[in-house]
Amino acid sequence: MKITAIYCGGCNPEIDREALVKQIVKRLGKPVYPFSPGTDPDLSLFINGCPRQCVNPRTAEGWSGKAIVVAGLSIDAWEVSQEELVDTLLRKINEIEEKFIPIN
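What follows is the structure, given as structure tokens:
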């Protein structure tokens, strides 16, 4: 399953966006690619440093597929603590991955 990350501009971060994705990559044991139009990811992580959600599925040009939106200390609109952030995001990724059926 190809996973991409789309980052906000980082103007008002409550979380370290890059460190979060690095921890996800380390724990998943596979890469998370930067998003660019035409990459056709199976899952995109919209990584916002604050609750404002400057990047989300409605604002991303050329994006399609499944999405998880991190907005500060929330994941898909559910509040989490700093300590729960990585584990909760990994759990959501794994739930999507379990249901993933590759199209050849």
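Everything in the sequence shown is counted per the working numbering, starting at 25 for the first residue and increasing by one.
Even glycine gets a Cβ: it sits at the ideal position worked out from N, Cα and C.
Check whether residue i and residue j have beta carbons under 8 Å apart
i	j	result
residue 61	residue 38	no
residue 26	residue 66	yes
residue 41	residue 31	yes
Proximal residues to residue i (C-beta, below 6 Å), its chain only, five neighbours per side dropped
i	result
residue 69	29 and 92
Opposing strand residues paired with residue i [DSSP bridges]
i	result
residue 30	70
residue 95	72
residue 90	67
Contacts around residue i, its chain only, beta-carbon distance under 8 Å, and the 5 residues preceding and following it disregarded
i	result
residue 110	44, 47, 48 and 51
residue 90	66, 67, 68 and 120
CA nearest to the CA of residue i, picked from the options
i	options	result
residue 63	87, 77 and 126	87
residue 54	102, 35 and 114	114
Residues near residue i in its chain [Cβ-Cβ closer than 7 Å; skip 5 each side]
i	result
residue 78	32, 33 and 72
Between the region 118-126 and the region 95-104, are three or more C-beta pairs nearer than 8 Å?
-> no
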